[in-house]
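Shown next, in structure tokens, is the structure this report addresses.
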Amino acid sequence: MPDGFSAGDTAFVFICAALVMLMTPGLAFFYGGMVRVKSTLNMLVMSFITLGIVSVLWVLYGYSLAFGPDAGAGLIGNLDYLGFRGIGLNDLSGTIPVTGFAAFQLMFAVITPALISGAIADRAKFAAWSLFVALWVTVVYFPVAHWVFFFDKGNGGWLGDRQGVIDFAGGTAVHINAGCAGLALALVLGKRIGFKKDPMRPHNLPLVMLGSGLLWFGWFGFNAGSALAANGVAGMAFMNTQVATAAACLGWLAYERIKHGAFTTLGAASGAVAGLVAITPACGSVSPLGAIAIGIIAGVGCAAAISLKYKLGFDDSLDVVGVHLVGGVIGSLLIGFFATGHVGQTASGLFYGGGFAQLGKQALGVAAVAVYSFVVTYLLGLAIHKTMGFRVSEDVEVAGIDQAEHAESAYDFTAVGASLARAVSATPATAATKAEVDA
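Following this note's numbering, the numbering of the sequence shown begins with -18 at its first residue and continues without gaps.
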């Protein structure tokens, strides 16, 4: 192997990449449990299809656009690495093979569009969604990843490398990006039938908790792995991830108890995800005490924000805006207050003597990604909606999207019904009772 190669760092990054990959099935379970029974499978496969589409596009041209040498002004990479050409087995990115770095970043590219799917649950055509994923990562995610994650000694992405915006693991590129895209698509597709009128409660809270747990587990790879080495920065990112998530879970539950009088399992799961989102950009620049503060603020802030869809009248089915957009904004901006200058970054926030300079940079990063993502996604979604149609018919939406789009159902109740009928038939029953069973 070439000089500078570290087997330990390489093994660490590969493990983290696998953990991040696990987050997409975890998200599928999280979202799948939150929808009604008739949309369960559709929600699961909307996440899984991103694994297929984005993985292929990443090799064809995605990695080159995101991490190829800058094509000008820090906006996009060039096409030097199309089809991974020119990338050798012994080429290094830091102390790890370039292929290992590319595999790790691929998993970020996969989960980001999957996050968007929660905003349009119950009403999107699967073919339209699949096309949207391919187009969206091409014109939105790959360029934004270049802006934020590509560093080349001042010649890299315009936000991270040139402007000094801190985003350790994707608060802007992943969560604000997905949150604004989710809002744009929710506006394009419109509200679900029965929004604000019919009960649309989660059908399987144990599935939600399972998904939340898998996300929490995989997020250690997401955040600690972004150090790209098994070092002290990775250790601090790991610790910050844990305590911020815990604090956000507690903060959400406390808000819920005060506001609504109960501690809910959905609140616990959602609070944990809100904390994971908020600490993502900050985990490599704050102390554990700062991480706890960020977690509490995010837990309370995101819990309060999910009611915005009712007040403002947009139907964000599974609170992508309230959790990912709001959580990403909170975490990104609070770096401007809590960055210590002594973790993985040298910039200091307001509370550590750095003044308002870093806060201004963070605000620039938040605004740039938010505006670009919303505008381009809205136009892209509108184009698909006006051509092939993005939304299923009213009949399909009411009857259930699983059968219409996938010819399957998540749960088979026929055996249960047959057993019940046999049990009733085997016992003395009135004519009325038998008539009810037959019906």
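From the three backbone atoms N, C-alpha and C, an ideal C-beta is built for every residue, glycine too.
- Beta-carbon separation (whole angstroms), Thr5 vs Thr21, contact threshold 8 Å: Here residue 5 refers to the residue found at position 24 when the sequence shown is read from its first residue. Here residue 21 refers to the residue found at position 40 when the sequence shown is read from its first residue. About 17 Å; that fails the 8 Å criterion.
- Query: In the structure shown, what three-state DSSP assignment does Ser374 receive?
  - Reply: As a first step, residue 374 is located in the sequence shown; it is residue number 393 there, counting from the start. Coil at Ser374, not helix or strand.
- Are Asp297 and Ala100 touching if we call contact CB-CB under 7 Å? Residue 297 sits at position 316 when you count from the first residue of the sequence shown. Residue 100 sits at position 119 when you count from the first residue of the sequence shown. Contact flag set, yes.
- Are Pro269 and Val224 closer than 7 Å when you measure CB to CB? Within the sequence shown, the letter at position 288 stands for residue 269. Within the sequence shown, the letter at position 243 stands for residue 224. For Pro269 and Val224, yes; Cβs fall inside 7 Å.
- Message: Just list the residues that DSSP pairs Gly58 with in beta bridges.
- Response: Taking the sequence shown and counting its residues from 1, the one referred to as residue 58 is at position 77. Gly58 pairs with Asp51.
- Query: If you draw a straight line from the alpha carbon of Val(-6) to that of Phe198, how long is it in whole angstroms?
  - Reply: Here residue -6 corresponds to residue number 13 of the sequence shown, with the count starting at 1. Here residue 198 corresponds to residue number 217 of the sequence shown, with the count starting at 1. Going from the Cα of Val(-6) to the Cα of Phe198 covers about 15 Å.
- Out of curiosity, what's the CA-to-CA distance linking Gly69 and Ala211? Locating residue 69 in the sequence shown gives position 88, counting from the first residue. Locating residue 211 in the sequence shown gives position 230, counting from the first residue. Spanning the two alpha carbons is a distance of roughly 23 Å.
- Query: If we call anything under 7 Å between Cβ atoms a contact, is Asp72 one with Asn136?
  - Reply: Locating residue 72 in the sequence shown gives position 91, where the first residue counts as 1. Locating residue 136 in the sequence shown gives position 155, where the first residue counts as 1. Not a contact, by the Cβ cut-off of 7 Å.
- Item | Boundaries (first-last residue) of the alpha helix (DSSP H) holding Val307 | Walking along the sequence shown from the start, residue 307 turns up at place 326. Val307 -> alpha helix (DSSP H) spans 307 to 319.
- Whole-angstrom Cβ separation of Asp(-10) and Ile77, contact assumed at under 8 Å? Reading the sequence shown from its first residue, position 9 is the one you call residue -10. Reading the sequence shown from its first residue, position 96 is the one you call residue 77. Contact holds; Cβ gap of about 5 Å.
- Could you tell me whether the Cβ atoms of Ala(-2) and Ala54 are closer together than 7 Å? One-based indexing of the sequence shown puts residue -2 at position 17. One-based indexing of the sequence shown puts residue 54 at position 73. Taking 7 Å as the Cβ cut-off, Ala(-2) and Ala54 do not qualify as a contacting pair.
- Query: Roughly how many whole angstroms lie between the Cα atoms of Tyr62 and Phe130?
  - Reply: If you number the sequence shown from 1, residue 62 lands on position 81. If you number the sequence shown from 1, residue 130 lands on position 149. C-alpha separation (whole angstroms): 17 Å.
- Environment of Lys134 [buried if 16+ CB atoms lie within 10 Å]: For the purposes of this step, residue 134 is identified with residue 153 of the sequence shown, where counting begins at 1. Exposed is the call here.
- Report the rounded CA-to-CA distance for Gly322 versus Gly336, giving the unit in angstroms. The sequence position of residue 322 within the sequence shown is 341, counting from 1. The sequence position of residue 336 within the sequence shown is 355, counting from 1. Roughly 12 Å between the two C-alpha positions.
- Item | Residue-chain proximity (Val347, chain D), Cβ-Cβ < 7 Å | The chain labelled as chain D is not found in the depicted structure, where only one protein chain is given.
- Query: Which residues in the same chain have their Cβ closer than 6 Å to the Cβ of Asp148, if we skip the five residues on either side of it in sequence?
  - Reply: Looking up residue 148 in the sequence shown gives position 167. Answer for Asp148: Val129, Pro262, listed in chain order.
- In chain order, what residues of the same chain have a beta carbon less than 8 Å from the beta carbon of Glu375, not counting five sequence neighbours either side? Counted from its first residue, the sequence shown places residue 375 at position 394. Result list for Glu375: Ile174, in chain order.
- Task: On a CA-only basis, which of Gly334, Lys19, Gly256, Gly271 is nearest Gly282? Give me that one, please.
- Result: Indexing the sequence shown from 1 puts residue 282 at position 301. If we check each option's Cα against that of Gly282, Gly256 comes out closest.
- Nearest to Ala229 by alpha carbon, out of Leu345, Val267, Ala279, Val146? Taking the first residue of the sequence shown as position 1, residue 229 is located at position 248. Of Leu345, Val267, Ala279, Val146, the residue nearest in Cα terms is Ala279.
- Query: Nearest-angstrom Cα distance between Ala351 and Ile287?
  - Reply: Indexing the sequence shown from 1 puts residue 351 at position 370. Indexing the sequence shown from 1 puts residue 287 at position 306. Cα to Cα, the separation comes out at about 18 Å.
- Message: Measuring only the C-alpha atoms, how far is Lys240 from Ala285?
- Response: Taking the first residue of the sequence shown as position 1, residue 240 is located at position 259. Taking the first residue of the sequence shown as position 1, residue 285 is located at position 304. If you take the alpha carbons of Lys240 and Ala285, they lie about 9 Å apart.
- Query: Hey, how far is the Cα of Ala250 from the Cα of Asp(-16)?
  - Reply: Along the sequence shown, read from residue 1 onward, the residue named residue 250 stands at position 269. Along the sequence shown, read from residue 1 onward, the residue named residue -16 stands at position 3. Ala250 and Asp(-16): Cα-Cα distance of roughly 45 Å.
- Less than 7 Å separating the beta-carbons of Pro183 and Gly14? Position 202 of the sequence shown, counting from 1, holds the residue named residue 183. Position 33 of the sequence shown, counting from 1, holds the residue named residue 14. Contact flag set, yes.
- Message: Quick check on this structure: which residue in Ser98, Ala227, Gly202, Thr222 has the alpha carbon closest to the alpha carbon of Leu166?
- Response: In the sequence shown, counting from the first residue as 1, residue 166 sits at position 185. Ranking the options by Cα distance to Leu166, first place goes to Ser98.
- Message: Can you tell me where the alpha helix (DSSP H) holding Glu386 begins and where it ends?
- Response: Locating residue 386 in the sequence shown gives position 405, counting from the first residue. Start and end: 382 to 387.
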